[in-house]
Amino acid sequence: MATSKVHSQRSKKLHQLSAKTTKVNRNRKAPRLYMKGTLAGYTRGLHGQTKQTALVRVENVNTREDAKWYVGKRICYVYHGKKVKRCVRWSKAPARRSTTRALWGRVTRPHGNAGMMRVKFNGASVPASAIGRRIRVYLYPSQI
Numbered sequence: 001m002a003t004s005k006v007h008s009q010r011s012k013k014l015h016q017l018s019a020k021t022t023k024v025n026r027n028r029k030a031p032r033l034y035m036k037g038t039l040a041g042y043t044r045g046l047h048g049q050t051k052q053t054a055l056v057r058v059e060n061v062n063t064r065e066d067a068k069w070y071v072g073k074r075i076c077y078v079y080h081g082k083k084v085k086r087c088v089r090w091s092k093a094p095a096r097r098s099t100t101r102a103l104w105g106r107v108t109r110p111h112g113n114a115g116m117m118r119v120k121f122n123g124a125s126v127p128a129s130a131i132g133r134r135i136r137v138y139l140y141p142s143q144i
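No gaps in the numbering here: position 49 of the sequence shown is 49 in my numbering, and each next residue is one more.
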């Protein structure tokens, strides 16, 4: 008789504990490690433009001081090509073959007082078709 009371008390405690705990949602997406930006165009003078340096506007960055924080941060323009090109481990991992490509660059300095930034891309300049398209501004390297 005493054992049944112990078992019933244990089951009550277990039920109370299980009612307090919540289920963990494992289907949530990973956090985004970049800010969304838009390629606004190229830096230009009166008679020409320099395609090596692009202008980027980042969401919720509206002052020069905010833009200064992004100096040195990495920038990525992700796009899709038509053909599958060679990639790292081409022969060993055929599942990694893709038409997705990326151009990388860095924020060099702010541009104006409204939060725009100047960006230099590695190697080739960004194509004109990228103007107005989405750019990723990664939050590293960070000095925090």
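All residues carry an ideal CB built from backbone N, CA and C; glycine is no exception.
- Would you decide whether residue 53 is buried or exposed? Buried here means 16 or more other CB atoms lie within 10 Å of its CB. Mapped onto the sequence shown, residue 53 falls at position 53. With 16 or more other Cβ atoms within 10 Å, it is buried.
- Task: Might you give, ordered along the chain, the residues of its own chain that have their beta carbon closer than 6 Å to the beta carbon of residue 131, omitting 5 neighbours on each side?
- Result: Residue 131 sits at position 131 when you count from the first residue of the sequence shown. So the qualifying residues of the chain are 39 and 41.
- First through last residue of the beta strand (DSSP E) which encompasses residue 133: Along the sequence shown, read from residue 1 onward, the residue named residue 133 stands at position 133. Neither: residue 133 is in no beta strand (DSSP E) and is coded neither H nor E.
- 8 Å CB neighbourhood of residue 139 in its chain, flanking five on each side removed: As a working mapping, residue 139 is identified with position 139 in the sequence shown. Taken in chain order, the residues that qualify are 33, 34, 35 and 73.
- Determine the burial state of residue 141: buried for a count of at least 16 other Cβ atoms within 10 Å of its Cβ, exposed for fewer. Counting from 1 along the sequence shown, the entry for residue 141 is found at position 141. Classification for residue 141: exposed.
- Item | Where the beta strand (DSSP E) containing residue 120 begins and where it ends | Position 120 of the sequence shown, counted from the first residue, corresponds to residue 120. 116-121 is the extent of the beta strand (DSSP E) around residue 120.
- Task: Using alpha carbons as the reference points, say which of 113, 104 and 10 lies closest to residue 137.
- Result: Here residue 137 is taken as the residue at index 137 of the sequence shown, counted from 1. In this structure, 104 is the residue among 113, 104 and 10 with its C-alpha nearest to the C-alpha of residue 137.
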